[in-house]
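*Asks:* The numbering of the sequence shown is full-length UniProt numbering, which starts it at 1 and goes up by one.
All C-beta atoms, glycine included, are put in the ideal place defined by N, C-alpha and C.
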Amino acid sequence: MPNANYVHHHNHDTPLDNLRSPISSENNDLIGQLNAIISSVNASPSFFIPKQPTDTNSSSDNVKLNSPPTVGQFYSSYHDAFDQYYGYASKMGFSVHLGSTNYKTSKDDGKKILVMRRLLCSKEWTVDLLHLPKLSKRRNNAISRCDCYASIKIKREGMSEVWIVKHIIFEHNHPLTTPSKVRFLPINRSISSTSKLLFQTLSKVNVPVSQQTVYFSSQVDGIEHMRCTQLDISNMCRDDRVDLKNYDVDLLVEEFEFKKSVQPNFFYFIVKDFSGRLKHVFWADSIMIQHFKLFGDAVTFDTTYKMNAYSLIFGMFCGVNHHRKTVIFGSAFLR
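Structural data, given as structure tokens:
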């Protein structure tokens, strides 16, 4: 089910190959570095041009995507109705969020099928300033919701794929977004798959988000033609770092399993807390075990206190060999 920030567009993005081209640290010209990446990608012009939705609704040749829907109008699918109202909202200058729904159980397979959906203006509902939630903190920002009644109600015809507009309210009780600021609405902000790959590659070579935004805006003839903001790019890079960080434990286990298959004497032990998060991990390879057998008469446990991105204590079991050189008997991450 699409969410409130969904904007439908047909991606015909050019696949990206060889996107991991290194950037030379000797070249201080950022534009030259970025052009080196793009030339290696050999992307078509559509790589930088924001994708626009189709201009016609598939249910009728007379229905324009950005034209207002009418009561009694039929659509061949739920997504057709969804796309037209989102296109209309994008043109007029307001955002949409999902409202109430209604489901019916199919007699054939017993599955619940969506039969009614309301789409509301994002400024619908009011904030209760007198009785704030006790278990949450309110951000110090402006109140944007003003109980706007603009909405549309669509229903499924029987159990078919045909949908019909049953009720619609066009009037808003607030000023609509001006054309110069329409691009900042969540309904108009999205990052295409190819653009996301470009930003991810630039982040890997430590190009700042601000400079990524400057370069990308120059490729689309101005920042006003971008379908995303600098904050969207920054949030995407942040989410990628969080996802990679959460996946690092799985990569660590895979690496340990590989070492165990190569070295039968390799040992590791992982301790998790009640929520399944990593708590402690110990490991020692065959060389460490052999060193302990030979020089394990005196053992020192040395730690570094949370000096890594995961806030884990790294500890090493150390000793001294017959050449008075430090040898490691084992290692551990502790929480």
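Apart from the five residues on each side of it in sequence, which residues of its chain come closer than 8 Å, Cβ to Cβ, to N321?
*Replies:* Correct list, in chain order: H291, L294, F295 and V327.
*Asks:* According to DSSP, simplified to helix, strand and coil, what is C318?
*Replies:* Reduced to three states, the DSSP call for C318 is strand.
*Asks:* Under 8 Å Cβ to Cβ from A178, same chain only, skipping five residues before and after it: list those, please.
*Replies:* The amino acid at residue 178 is misidentified as Ala; the sequence shows Thr. Once the five neighbours on either side are set aside, the close Cβ partners of T178 are G93.
*Asks:* Taking C-alpha atoms, which residue in R156, T303, V96 and S261 lies nearest to S77?
*Replies:* Nearest of R156, T303, V96 and S261 to S77, Cα basis: R156.
*Asks:* Let me know the secondary structure DSSP gives V115 once reduced to three states.
*Replies:* Three-state DSSP puts V115 in a strand.
*Asks:* Under 6 Å Cβ to Cβ from K104, same chain only, skipping five residues before and after it: list those, please.
*Replies:* I113 and V115, listed in sequence order.
*Asks:* Could you check the C-alpha separation between F216 and A284 for me, to the nearest Å?
*Replies:* Their Cα atoms are separated by approximately 47 Å.
*Asks:* I need the DSSP call for F329, collapsed to helix, strand or coil.
*Replies:* The answer is strand: DSSP assigns F329 an E or B state.
*Asks:* Hey, how far is the Cα of I169 from the Cα of L120?
*Replies:* Rounded to the nearest angstrom, the two C-alpha atoms are 10 Å apart.
*Asks:* Given T303, which residues of its chain have a CB within under 7 Å of its CB, disregarding the five upstream and five downstream residues?
*Replies:* So the qualifying residues of the chain are I313, F314 and G315.
*Asks:* From what residue to what residue does the alpha helix (DSSP H) around I289 run?
*Replies:* It spans S286 to F295 - the alpha helix (DSSP H) in which I289 sits, taken as one unbroken run.
*Asks:* Can you grab the Cα-Cα spacing for the pair S100 / W163, in whole Å?
*Replies:* The alpha-carbon atoms of S100 and W163 are separated by roughly 16 Å.
*Asks:* Which whole-angstrom value describes the C-beta separation of P68 and Y86, a residue pair presumed to lie in contact below a C-beta threshold of 8 Å?
*Replies:* Rounded, the Cβ-Cβ distance is 12 Å, inconsistent with contact.
*Asks:* Per DSSP, what kind of secondary structure is I233 in: helix, strand or coil?
*Replies:* Helix.
*Asks:* I need the DSSP call for F256, collapsed to helix, strand or coil.
*Replies:* Residue state, collapsed to three classes: helix.
*Asks:* According to the Cβ coordinates, are V281 and F317 closer than 8 Å?
*Replies:* No, these two residues do not count as a Cβ contact at 8 Å.
*Asks:* Ordered along the chain, which non-local residues of its own chain (more than five positions away) have a Cβ less than 8 Å from that of A298?
*Replies:* Once the five neighbours on either side are set aside, the close Cβ partners of A298 are G319 and V320.
*Asks:* Quick one: is D80 buried, meaning 16 or more other Cβ sit within 10 Å of its Cβ, or exposed?
*Replies:* The residue in question, D80, is buried, as its Cβ has 16 or more Cβ neighbours within 10 Å.
*Asks:* Looking only at its own chain, which residues have a Cβ that is under 8 Å from the Cβ of K111, when we skip the five neighbours before and after it?
*Replies:* So the list reads T105, once near-sequence residues are dropped.
*Asks:* Measuring alpha carbon to alpha carbon, tell me which residue in M159, F266 and H172 is nearest D109.
*Replies:* Considering only alpha carbons, the answer is M159.
*Asks:* Check whether the Cβ atoms of K123 and H167 lie closer than 8 Å to each other.
*Replies:* Their beta carbons are not under 8 Å apart, which means K123 does not touch H167 by this criterion.
*Asks:* Output the residue ranges of the beta strand (DSSP E) runs that lie fully inside the segment 196-226 and measure 3 residues or longer, sorted by chain position.
*Replies:* Counting only runs of 3 or more, we get nothing.
*Asks:* Give every residue of the same chain whose Cβ lies closer than 7 Å to the Cβ of R189, excluding the five residues on either side of it in the sequence, and list them in chain order.
*Replies:* Answer for R189: R227, C228, T229 and D232, listed in chain order.
*Asks:* Where F256 and D250 are concerned, what is the direct C-alpha to C-alpha distance, given to the nearest angstrom?
*Replies:* F256 and D250: Cα-Cα distance of roughly 10 Å.
*Asks:* Could you please give the first and the last residue of the uninterrupted beta strand (DSSP E) stretch that includes S151?
*Replies:* First-last of the beta strand (DSSP E) with S151: S151 to R156.
*Asks:* Can you tell me the Cβ-Cβ gap for S203 and C237, rounded? I've got them flagged as a contact below 8 Å.
*Replies:* That belief holds up - the Cβ atoms of S203 and C237 are roughly 5 Å apart, short of 8 Å.
*Asks:* Kindly indicate which residue of S286, K325 and L278 has the alpha-carbon position closest to the one of S311.
*Replies:* The residue with the shortest Cα to Cα distance from S311 is L278.
*Asks:* When you compare only the Cα positions, how much space is there between S210 and K107?
*Replies:* If you take the alpha carbons of S210 and K107, they lie about 55 Å apart.
*Asks:* Just checking my contact of K259 with F266 at CB under 8 Å: how many whole Å lie between their CB atoms?
*Replies:* With a Cβ gap of about 5 Å, K259 and F266 count as contacting.
*Asks:* Which residue marks the beginning of the alpha helix (DSSP H) containing Y88, and which one marks its end?
*Replies:* Segment Y78 to M92, the alpha helix (DSSP H) holding Y88.
*Asks:* Compute the Euclidean distance between the alpha carbons of N27 and L198, then round it to the nearest angstrom.
*Replies:* Low local confidence applies: a pLDDT of 42 at N27 is under 50, so the model's placement there is unreliable, with the coordinate-based value given in what follows. N27 and L198: Cα-Cα distance of roughly 19 Å.
*Asks:* Between I187 and D248, what straight-line distance do the alpha-carbon atoms span, to the nearest angstrom?
*Replies:* Approximately 33 Å, taken between the alpha carbons.
*Asks:* Find the nearest neighbour of D83 within the set H323, I152 and C146, judged by alpha-carbon distance.
*Replies:* When only C-alpha atoms are compared, the closest one is I152.
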